[in-house]
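Protein chains in written order, with our numbering: chain P, 1 to 194; chain R, 1 to 253.
Just so you know, even glycine gets a beta-carbon here, dropped at the ideal spot from N, CA and C.
Predicted model only: the values in this text are computed from it and were never measured.
Accompanying notes for the structure given below.
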Amino acid sequence: MQVTDAAVVAQVLAGDRDAFRVLVERHSRSLYHLVYRMTGSSADTEEIVQDTLLRAFKGLEKFELRSNFGTWIYRIATNRTLDFLKSKKMSDTQAYRIAEDPDPDDSREIQLAATAPGPDRMVISEQMKSRMAQALSLLTPAERVAFTMRHMEGRSIGEISKTLNLKTSAAKNSVFRAVHKLRQQLEPFASPAK
Amino acid sequence: MKHLSEEEIVLHYYGDADDEMKVRQHLAECSACRAEFDRLHSLLGRVAPVEVPEPGSFFEEKMWLNIRDRLPEKAVPAKPLWAAGKWALAGVMAMLLVGAFLAGRFWPGRSPQVVQVNTPAADPQRVVLVAVGDHLERSQMLLVEIMNASDKSVLDEGTQLQARDLLNTNRLYRVSAQQAGDPRIAHLLDQLGRVLAEVANAPSQVSDNDLRDIRARIQSDGLLFKVRVVGSEVNSRVRRLEQNSPAAAEQRL
């Protein structure tokens, strides 16, 4: 039977520093996915994941053993990413761009999903691509994180407000403002789905 | 009829409207708002989650190795020797190591009795094990880097120098392990040495094939896994020695 995260945390707190490796092995990959969706860069993501793990270790005494370790470290990662985005002004060229076939290495590409196969696929013009990049670069770090959590990660408003330490109304507003900006930029160029 | 606000429509798309029932009822009755909702639905439905490139099969390993030395010490009563710094420690250990091996009687397999010394730093058995553990860990980091690299540029001059350095110490440890009658470690170091030699002696202009060959060699014998397992065992032995040391016993009293 697999040892629970809480049991591993207790082991680490008892002095077995190497036991932390188990938690690293269990959670690094999902943290990578989360952070990458917000930064779009492999190098930045690895740095943030490492920083998250270090902070988690240092703050392990604050973790309540009855809580879910995955949720706890997810919050740390999200806030580290938010801090990172705030500190690093991402230029339009560094930000996201739309790609039919995203580059797997260090890309900042976002893909428009095919809602229907074949010819019904939305036609993405060069102009539309640049609009999407522009729209995403217009989001504030908080809007970008809230939008990613709600739209791409499917997290609830409650989780977003708790993670970002916002009131529910402020979390909703962040999501709304993000969508509003995206719509303003994209709607004139998006042909309706068939 | 008062139409829904854009915010109400957006929040309804995610199921987050303050009064979902009211929004639903309105949409059922108002074609203008329904059209607005459909437009939004169509647009957002096409913004798919960012495709995340998988970070490589050794990603977790890499994360651990990158943070391990940066983790603060916890629940350690006395400041150990190796807290003084990795490289300073390496130097001290190298000197102690030569002396220990020349004596040829300090390998743990040969002298299971606790060495009667006063401080953990002076325990040659522990020093030898720490040195071997450190060597395995540094080798592991190098192998992980090679396995995780996106292209052949990983085999640059710096990596080759590192491999040469590891190869030199590897030779010393392998011979010592053989003499000390520890065939498992000796065999592992033998395997490791062959890979290190390949990295160290790779041509200055490596090709994709060279990198593929080296990776295949690392993978073929499960070398990375073995290095990790034996390294972990060595570290456990070090911890046991520390716990059983006279200094630790004094502290417990």
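Q.
Do serine 169 of chain P and glutamate 143 of chain P have their beta-carbon atoms positioned less than 8 Å apart in this structure?
A. With respect to serine 169 of chain P, glutamate 143 of chain P sits apart: the two C-beta atoms are not nearer than 8 Å.
(Q) Short of 8 Å in beta carbon distance, which residues of its chain neighbour arginine 126 of chain R, apart from the five on each side in sequence? Order them along the chain. (A) Excluding positions up to five away in sequence, the list reads Pro120, Val238, Leu241, Glu242, Ser245.
Q) Just by C-beta distance, which residues in the segment 50-66 of chain R are closer than 7 Å to chain P? A) Against chain P - using a Cβ distance shorter than 7 Å - the residues of the segment 50-66 of chain R are Val50, Glu51, Val52, Pro53, Pro55, Phe59, Glu60, Met63, Trp64, Asn66.
Q | Contact set for leucine 136 of chain R: own chain, Cβ-Cβ below 7 Å, skip 5 residues either direction | A | Within its own chain, the residues whose Cβ lies closer than 7 Å to the Cβ of leucine 136 of chain R, once the five positions on either side in sequence are excluded, are Val227, Val230, Gly231, Val234, listed in chain order.
Q. Listing by chain order, which chain R residues have their CB less than 7 Å from the CB of glutamine 50 of chain P?
A. Result: Met63, Asn66, Ile67.
Q.
Let me check understanding here. Comparing Cα to Cα, which of P:Phe176, P:His180, P:Thr163, P:Glu187 lies closest to isoleucine 76 of chain P?
A. For isoleucine 76 of chain P, the closest alpha carbon among the candidates P:Phe176, P:His180, P:Thr163, P:Glu187 is that of P:Thr163.
Q: Round the Cβ separation of lysine 195 of chain P and proline 49 of chain R to the nearest angstrom and send it over; I've been treating them as touching at under 8 Å.
A: Chain P is shown from 1 up to 194; residue 195 of chain P falls before or after that span and cannot be answered.
Q) For the 8 Å Cβ check, are there 3 or more pairs between the segment 194-202 of chain R and the segment 211-224 of chain R? A) Three or more pairs of CB atoms, one per stretch, sit closer than 8 Å, so the segment 194-202 of chain R contacts the segment 211-224 of chain R.
Q.
So with CB distances below 9 Å, who are the chain P contacts of asparagine 235 of chain R?
A. Contact annotation for asparagine 235 of chain R against chain P: Asp18 [CB-CB distance below 9 Å, chain order].
Q. Using CA coordinates, which residue listed in P:Glu25, P:Ala135, P:Leu13 is at the minimum distance from glutamine 184 of chain P?
A. Minimum Cα distance to glutamine 184 of chain P is reached at P:Ala135.
Q.
On the CB-based measure, 16 or more other CB atoms within 10 Å of its CB, does glutamine 311 of chain R come out buried or exposed?
A. Missing from the structure shown is residue 311 of chain R; chain R here goes from 1 to 253 and no further.
Q: Report yes if the CB atom of valine 23 of chain R is closer than 8 Å to the CB atom of alanine 17 of chain R, and no otherwise.
A: Their beta carbons are under 8 Å apart, which means valine 23 of chain R touches alanine 17 of chain R by this criterion.
(Q) With three or more beta-carbon pairs closer than 8 Å as the criterion, would you say the segment 168-183 of chain R touches the segment 145-155 of chain R? (A) With fewer than three CB-CB distances shorter than 8 Å, the segment 168-183 of chain R does not count as touching the segment 145-155 of chain R.
Q | Beta carbon proximity, leucine 186 of chain P to chain R, threshold 8 Å | A | Yes, because at least one Cβ of chain R sits closer than 8 Å to the Cβ of leucine 186 of chain P.
Q.
Comparing C-alpha positions only, which one of P:Arg177, P:Leu53, P:Arg29, P:Phe69 sits nearest to aspartate 69 of chain R?
A. Distance from the Cα of aspartate 69 of chain R is smallest, within the candidate group P:Arg177, P:Leu53, P:Arg29, P:Phe69, for P:Leu53.
Q. Hey, how far is the Cα of glycine 70 of chain P from the Cα of glycine 193 of chain R?
A. Taking the straight line from one Cα to the other gives about 39 Å.
Q.
Are the CB atoms of cysteine 30 of chain R and histidine 12 of chain R within a distance shorter than 8 Å?
A. Result no, Cβ atoms of histidine 12 of chain R and cysteine 30 of chain R do not sit closer than 8 Å.
Q. Is it true that the CB of isoleucine 218 of chain R sits closer than 8 Å to the CB of isoleucine 146 of chain R?
A. Taking 8 Å as the cut-off, the beta carbon of isoleucine 146 of chain R is found closer than this to the beta carbon of isoleucine 218 of chain R.
Q) Measuring CA to CA, which of P:Thr148, P:Gln50, P:Glu61 is closest to alanine 10 of chain P? A) Nearest of P:Thr148, P:Gln50, P:Glu61 to alanine 10 of chain P, Cα basis: P:Glu61.
Q. Contact between the segment 21-32 of chain P and the segment 78-86 of chain P: three or more CB pairs below 8 Å?
A. No: the two stretches stay apart, fewer than three of their Cβ pairs being nearer than 8 Å.
**Q.** Short CB-CB distance (under 8 Å) between valine 128 of chain R and chain P
**A.** Answer no: the Cβ-Cβ gap between valine 128 of chain R and chain P never drops below 8 Å.
Q. For asparagine 165 of chain P, which three-state DSSP category applies?
A. Secondary structure of asparagine 165 of chain P (DSSP, three-state): coil.
Q: Please check if any C-beta of chain P sits within less than 8 Å of the C-beta of aspartate 16 of chain R.
A: Interface residue, yes.
Q) Buried or exposed: where does serine 28 of chain P fall if 16 or more other Cβ atoms within 10 Å of its Cβ makes it buried? A) With 16 or more Cβ atoms within 10 Å of its Cβ, serine 28 of chain P is classed as buried.
Q: Evaluate proline 55 of chain R with the Cβ neighbour count: other Cβ atoms within 10 Å of its Cβ, from every protein chain shown; 16 or more gives buried, anything less gives exposed.
A: Buried, because 16 or more other Cβ atoms sit within 10 Å of the Cβ of proline 55 of chain R.
Q. Which value, in whole angstroms, describes the spacing of the CA atoms of asparagine 79 of chain P and valine 3 of chain P?
A. Those two C-alpha atoms are separated by around 28 Å.
Q. Tyrosine 32 of chain P versus chain R: which residues are under 8 Å apart at the beta carbon?
A. Within chain R, Val52, Pro55, Phe59 have C-beta atoms less than 8 Å from the C-beta of tyrosine 32 of chain P, given in sequence order.
**Q.** Best match in P:Thr81, P:Phe63, P:Lys181, P:Leu139 for proximity to isoleucine 48 of chain P [C-alpha to C-alpha]
**A.** Closest option to isoleucine 48 of chain P, judged by alpha-carbon separation, among P:Thr81, P:Phe63, P:Lys181, P:Leu139: P:Thr81.
Q.
What residue range does the alpha helix (DSSP H) around alanine 163 of chain R cover?
A. Here the alpha helix (DSSP H) through alanine 163 of chain R covers 157-179.
Q: From the DSSP output, in three-state form, read off threonine 81 of chain P for me.
A: DSSP places threonine 81 of chain P in helix when its eight states are reduced to three.
Q: Please list the partners that glutamate 6 of chain R has in chain P, where partner means a Cβ-to-Cβ separation under 7 Å.
A: Within 7 Å Cβ-Cβ: His180.
Q. Going by the beta-carbon positions, is the gap between phenylalanine 37 of chain R and leucine 27 of chain R smaller than 8 Å?
A. Against a cut-off of 8 Å, the Cβ pair of leucine 27 of chain R and phenylalanine 37 of chain R comes out as a contact.
**Q.** Neighbourhood of valine 206 of chain R by C-beta distance below 7 Å, restricted to the same chain and skipping five residues each side
**A.** Hits under 7 Å: Lys152, Leu155.
Q: For arginine 70 of chain R, go through chain P and note every residue whose CB falls closer than 8 Å to its CB, in chain order.
A: From the beta-carbon of arginine 70 of chain R, the residues of chain P found nearer than 8 Å are Leu54.
Q) With 16 as the cutoff for other CB atoms within 10 Å, does glutamate 61 of chain R come out buried or exposed? A) Buried.
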